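Asker:
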Amino acid sequence: MGLFHEISKKPWLSDDGDDGDIDTINNPAAFFLPSGKVGLRVFLVVVTVVFTLVTIAYVDRMTFVNWRSVPEPWVLWLNTALLIGASLAFQWARASAGRGTLNAMRDGLHIGGVLTVGFLAGQLFVWRQLVDLGYYADANTANAFFYLVTALHGAHMLGGLVAWWRCVSKMWQDSPVGDLRLRVELCTTYWHYLLLIWLVLFGLLLIS
1 MGLFHEISKK PWLSDDGDDG DIDTINNPAA FFLPSGKVGL RVFLVVVTVV
51 FTLVTIAYVD RMTFVNWRSV PEPWVLWLNT ALLIGASLAF QWARASAGRG
101 TLNAMRDGLH IGGVLTVGFL AGQLFVWRQL VDLGYYADAN TANAFFYLVT
151 ALHGAHMLGG LVAWWRCVSK MWQDSPVGDL RLRVELCTTY WHYLLLIWLV
201 LFGLLLIS
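With my numbering, letter number 41 in the sequence shown gets 41, and the count goes up by one each step, no holes.
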């Protein structure tokens with residue numbers, strides 16, 4: 001009887017016969033994700049596909065004999081540093097939101113936004129430099145790809161700034177901390193992602 005009792009045990013049931021964890025698994029709320037997180041994840045998948053296709057085309061075109069590389073202005077290094085700083089500022093804001101230190105969260109959001117605007121201004125400055133040097137988009141394929149990838153990345157950064165502005169507006173309207181925490185987390189994830197994309201693109205520009 002003792003052996004049969006041990007064999008017939010159901011370890012996934014609680015001692016009182018309830019389903020315990022099985023109920024948790026069958027409960028959709030146990031796996032609930034805010035719609036903002038779901039939407040961001042789907043969007044990042046789409047963006048990843050787009051940038052992957054552009055990267056593949058860029059690498060393939062680099063093998064052509066008539067490929068003439070675009071010079072890398074030193075401002076691109078400064079822009080990269082600005083974007084890294086923005087990403088770190090958003091991470092600081094996210095950590096501060098988790099601890100409930102709202103003043104530090106505000107500072108992180110403001111710094112991250114300002115550095116991002118500086119990054120975009122720097123990218124426009126690079127475009128102006130290249131145009132002044134005669135590197136027009138229609139001059140050769142390398143030029144066209146440079147303007148394409150930087151414009152594509154910049155457009156997504158502008159979209160991020162729209163979300164950032166909404167987050168800052170909610171913050172100054174004294175929205176619930178839970179809502180602010182989610183918005184800051186989404187912005188931080190997006191900025192980290194765009195930083196990673198830029199580092200990949202910048203690396204391609206350097207090796208081409």
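By construction, the Cβ of each residue, glycine as well, lies at the ideal position given by its N, Cα and C atoms.
Computed from a predicted structure; not experimentally measured.
Taking the alpha carbon of Glu185 as the point to measure from, which residue in Ala163, Val47, Ala144 has its own alpha carbon closest?
Answerer: The residue given as residue 185 occupies position 185 in the sequence shown. Looking at the Cα atoms, Ala163 is the closest of the given residues.
Asker: Return the CA-CA distance between Thr52 and Ile197, expressed in angstroms with no decimal places.
Answerer: On the sequence shown, residue 52 is found 52 positions in, with the first residue counted as 1. On the sequence shown, residue 197 is found 197 positions in, with the first residue counted as 1. Distance between the alpha carbons of Thr52 and Ile197 is about 10 Å.
Asker: For Gly108, I'd like the list of residues in its chain whose CB is within less than 7 Å of its CB, leaving aside the five on either flank, ordered along the chain.
Answerer: Taking the first residue of the sequence shown as 1, we reach residue 108 at position 108. So the qualifying residues of the chain are Ala89, Phe90, Trp92, Ala93, Ser96.
Asker: Do Ala144 and Ser69 count as a contact pair if the criterion is CB distance below 8 Å?
Answerer: To locate residue 69, count along the sequence shown from 1; it is residue 69. To locate residue 144, count along the sequence shown from 1; it is residue 144. Taking 8 Å as the Cβ cut-off, Ser69 and Ala144 do not qualify as a contacting pair.
Asker: Return the CA-CA distance between Gly154 and Asp138, expressed in angstroms with no decimal places.
Answerer: By 1-based counting over the sequence shown, the position of residue 154 is 154. By 1-based counting over the sequence shown, the position of residue 138 is 138. So the two alpha carbons sit approximately 20 Å from each other.
Asker: So, at 8 Å on beta carbons, what are the nonlocal neighbours of Phe125 in its own chain, with the 5 sequence-adjacent residues on each side left out?
Answerer: Here residue 125 refers to the residue found at position 125 of the sequence shown. Only Val75 meet the Cβ criterion.
Asker: Beta carbon of Phe221, beta carbon of Leu82: below 8 Å?
Answerer: Because the chain spans 1 through 208 in this model, residue 221 falls outside it and cannot be assessed.
Asker: Is Arg183 closer than 8 Å to Gly98 when the C-beta atoms are compared?
Answerer: Here residue 98 refers to the residue found at position 98 of the sequence shown. Here residue 183 refers to the residue found at position 183 of the sequence shown. Cβ distance not < 8 Å, so Gly98 and Arg183 don't count as in contact.
Asker: With DSSP as the reference, label Tyr147 as helix, strand or coil.
Answerer: As a position in the sequence shown, residue 147 is number 147, starting the count at 1. Helix, per DSSP.
Asker: Is Gln123 closer than 8 Å to Thr150 when the C-beta atoms are compared?
Answerer: Counting from 1 along the sequence shown, the entry for residue 150 is found at position 150. Counting from 1 along the sequence shown, the entry for residue 123 is found at position 123. It is a contact, given that the beta carbons lie within the stated cut-off.
Asker: Just checking my contact of Leu199 with Tyr58 at CB under 8 Å: how many whole Å lie between their CB atoms?
Answerer: If you number the sequence shown from 1, residue 199 lands on position 199. If you number the sequence shown from 1, residue 58 lands on position 58. Leu199 to Tyr58, Cβ: 15 Å. No contact.
Asker: Under the assumption that Gly113 contacts Leu161 (Cβ atoms under 8 Å), give the Cβ distance between them as a whole number of angstroms.
Answerer: Working through the sequence shown from its first residue, we reach residue 113 at position 113. Working through the sequence shown from its first residue, we reach residue 161 at position 161. Right, their Cβ atoms sit about 7 Å apart.
Asker: Using three-state DSSP, classify Leu194 as helix, strand or coil.
Answerer: Residue 194 sits at position 194 when you count from the first residue of the sequence shown. Note: Leu194 maps to helix in three-state DSSP.
Asker: Hey, would you say Ala40 sits closer than 8 Å to Thr189, going by beta carbons?
Answerer: On the sequence shown, residue 40 is found 40 positions in, with the first residue counted as 1. On the sequence shown, residue 189 is found 189 positions in, with the first residue counted as 1. The amino acid at residue 40 is misidentified as Ala; the sequence shows Leu. Contact flag set, yes.
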